[in-house]
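In our numbering, the protein residues as written are 6 to 936.
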């Protein structure tokens, strides 16, 4: 249980001298000698209460973390003020002595010690609050709610108390609030709630803060309350909410991050937490905190220098405060979007930041290790004499104590070790928070002048084409209400933006796109600060807008995507194809099952984020067109799976489950047609889906509101349509097109798979069998997938009369071309003109329907490239024809992607693809024997 390293001689003598003075004629207890040698405070405690020694030597007591009430078995109203003060102080003395023994003699983990002290402090504060309430209520009655229950004074613990990381000799920062402004009932004289709770608060503070013959429980600091020292001691919920909404400052957000209600939870706790939450955590990623925290740290550094504080392990560079700044800055930046970061505990926040991959595991472990090391040093410094100090000692006795406890040969070695740790912390601090912003280089004055005057002629290399978009942006800005902070940031940001545009030699179109994004975020200072605080993000924005107009438009529609530009290593590295489904499952683990609104927003944000990464990789040549479609298709499939899980949960919750189903075996499948079925999803593609199931109408669901199973699957499909097609703040998810289901728009939204088979066998038109060529199951249990594959194979492999098939396919193609083709003699419609993509798709489908009866291999794949490859293998087309068709198809699709990224439609100069057009047209005639 004890630290067995021999004490230095001087300390050993001191411990023995004190022990013998306290316990003459007693057997020497080495642990107690060690405690007395290492702590003057412990010496005073045991002088005051010698019997406390027995508790220290009881192993069960030392291992216990029980926290009894100081007023156990006492009636609060019977305890007078003097008794209360004495009881609380003796309680603190007893348990703080225990913690001193744990830390100095038992090498207790520091994380356990600071949490234990925090919970003991909670009990002391709660007890003082309950006693004060009882005292005031005895004379004045108490405020009651509608049910006649007493309304308690809410005590908000701040700082390390709130984080359950209290120092050994810390003061405590408190804020007081009360739920309702109602007069007291049941006393001699009714008083207003404000008066009642002020009296309670005053008694509570005195019970803890006042110094008596028994000492002091805590120094109580109330300066963090609204309006500081000039503000009322207590405030109602409504008044507190108004204050933080209208006047709350950045440092108060920082302080509130660690706020925690103390005492016995009641139903007002959630109400109070909810009213504070929007102030502390913004729903967007909030980079406004970085500069504010940097300024706060600069002020602290100046104060350290002014007070000539040296060897300060809390406030010095790399000290405890910098660890807190690092973690709390990242919490404030991301906590609104990532709910698991909304924790008061620094250690828990560090774990969550690593889990969310905001910081590397190795960085988190190093920060945690360094933080706990510095907290341990701080703990020892304060236990020596129960003084709130974080400064390394300059006297010999305390230096010896610290050397002994940290197992260092001398004080110089100890200081070197502490400086090493603080150096690591400070390096991390600079990476996250940075130093105070340096002024712009004087060489960049031209960009400042151009922005200030709205005139590009001030630039060293004027670009006249920029003048119009710059003037337009300035004009729009004059009509928008932008706060002082926003104006200040914009005046810093725009010269930097002009420099980036100049570095990339951006066109007027790109300038306009960037201004369009700025117009969308102009009243949201946090996004302006994100771009200003992160030059790399600004550079990525301009770079991507130069590469792709679609990306610029995408970001302007969804400014939340600016967060994705922060880390280029992530931005240009799309998720592996096989990982989308796992990533979206992980993403949704943080979201409550019943929060449908958040689930719908999260589906859209997941899609937008990953589409941006794919587009960034596409625009910069990291991915070729085939890989781009593979990624967009895999993303769509992952989203469909997650949406089905959400819809399933909601539908089951309402109606129960169909028989023989569970979450993994839903009896439900999704068939993808068209681009999704053929692995060719584009950036703005809709999804052609058909929903099938394996239940009949005679079975019933298991819920209280049971319905027949067929009805259940219709409800499930309707819920899916709602999830996809509803327009939220983030737009629709995908446009779902289900018209390819049996009987089209008039057919059932979800159909039994055998009914689907019957329709395909007996009623389907040729064009519906053509569509089936590009169909595949993208979600469903194995039995359904296997059955669908068999049905598809049977349909595609039917024997068909060639002349009729040829006639049907040609007529359908001509009908489509007549309605949809936009080309002319000069311009070529990549999709619909003769010789274009649709011709290649129809050739592929025709080859399958004509030849699969004798060559089942043609029914295996659903994408054009592999079907054409198999068609060449069996001799339906020549090897040369295959190569020409695949080349043309990839050429068209590659160009189509580029046009999509720059939002230029699908018309190109016919001359550009003349050889491909000629080849496809010739193969069309050969395949359909038109010559």
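Cβ atoms here follow ideal geometry from the backbone N, Cα and C, with glycine treated the same way.
Are the beta-carbon atoms belonging to residue i and residue j less than 8 Å from one another?
i	j	result
residue 109	residue 44	yes
residue 317	residue 324	yes
residue 908	residue 555	yes
residue 818	residue 843	yes
residue 232	residue 141	no
residue 107	residue 118	yes
residue 260	residue 163	yes
residue 692	residue 617	no
residue 530	residue 566	no
residue 867	residue 779	yes
residue 663	residue 607	no
residue 127	residue 267	yes
residue 62	residue 34	yes
residue 171	residue 122	yes
residue 391	residue 46	yes
residue 630	residue 899	yes
residue 757	residue 701	yes
residue 832	residue 781	no
Tell me the residue span of the alpha helix (DSSP H) that contains residue i.
i	result
residue 542	540-552
residue 913	Note, residue 913: premise wrong, no alpha helix (DSSP H); beta strand (DSSP E) at 912-914.
residue 888	884-906
residue 925	919-932
residue 726	714-730
residue 475	472-483
residue 450	450-458
residue 79	Neither: residue 79 is in no alpha helix (DSSP H) and is coded neither H nor E.
I'd like the span of the beta strand (DSSP E) that includes residue i, first residue to last.
i	result
residue 115	That residue, residue 115, is in no beta strand (DSSP E); its alpha helix (DSSP H) goes 115-145.
residue 803	Note, residue 803: premise wrong, no beta strand (DSSP E); not H, not E.
residue 834	832-834
residue 522	Unbroken run through residue 522 is the alpha helix (DSSP H), 513-526; no beta strand (DSSP E).
residue 181	177-183
residue 23	Residue 23 -> not in any beta strand (DSSP E); alpha helix (DSSP H) instead, spanning 14-27.
residue 192	Note, residue 192: premise wrong, no beta strand (DSSP E); not H, not E.
residue 756	755-757
residue 72	Taken as a continuous stretch (DSSP letters only), residue 72 belongs to no beta strand (DSSP E), as it is neither H nor E.
residue 97	From DSSP, residue 97 is part of no beta strand (DSSP E) but of the alpha helix (DSSP H) over 86-110.
residue 162	159-162
residue 784	781-784
To which residues of the same chain is residue i closer than 6 Å at the C-beta, ignoring the five residues directly before and after it?
i	result
residue 522	560 and 561
residue 265	162, 167 and 349
residue 852	876 and 881
residue 444	Interpretation of residue 444 is limited by its pLDDT of 40, a score under 50 that renders its predicted location unreliable; the figure taken from the coordinates is listed afterwards. Here the set comprises nothing.
Leaving aside the five residues before and after residue i along the sequence, list all residues of the same chain whose C-beta is less than 7 Å from its C-beta, in chain order.
i	result
residue 548	509
residue 5	This structure leaves residue 5 out entirely; the chain is present only between 6 and 936.
residue 612	640, 644 and 738
residue 463	451, 454 and 455
residue 511	547 and 551
residue 924	889 and 893
residue 479	459
residue 433	331, 368 and 372
So, under 8 Å CB-CB, residue i and residue j are touching, yes? Tell me the CB distance rounded to an integer number of Å.
i	j	result
residue 725	residue 648	6 Å
residue 891	residue 873	6 Å
residue 355	residue 334	Not quite, the Cβ-Cβ distance comes to about 12 Å (not below 8 Å), so this is no contact.
residue 678	residue 621	Not confirmed; about 29 Å, so no contact.
residue 532	residue 564	6 Å
Whose C-beta lies closer than 8 Å to the C-beta of residue i among residues of the same chain, with five residues either side of it excluded?
i	result
residue 16	42, 43, 402, 405, 406 and 409
residue 93	75, 129, 132, 133, 212, 213 and 222
residue 422	411 and 413
residue 22	none
residue 709	661
residue 428	323
Output the residue ranges of the beta strand (DSSP E) runs that lie fully inside the stretch 624-710 and measure 3 residues or longer, sorted by chain position. 673-678 and 692-698
If we require 3 or more residues per run, which beta strand (DSSP E) segments fall completely within the stretch 228-285? 239-241 and 265-267
Let me know the alpha helix (DSSP H) ranges lying completely inside the stretch 550-618, each 4 residues or longer, listed in chain order. Within the stretch 550-618, the complete alpha helix (DSSP H) segments at least 4 residues long are 554-562, 573-576 and 585-593, listed from N- to C-terminus.
As an exercise, report each continuous alpha helix (DSSP H) stretch of at least 4 residues that is fully enclosed by the stretch 339-418, in chain order. 351-360, 366-390 and 401-410
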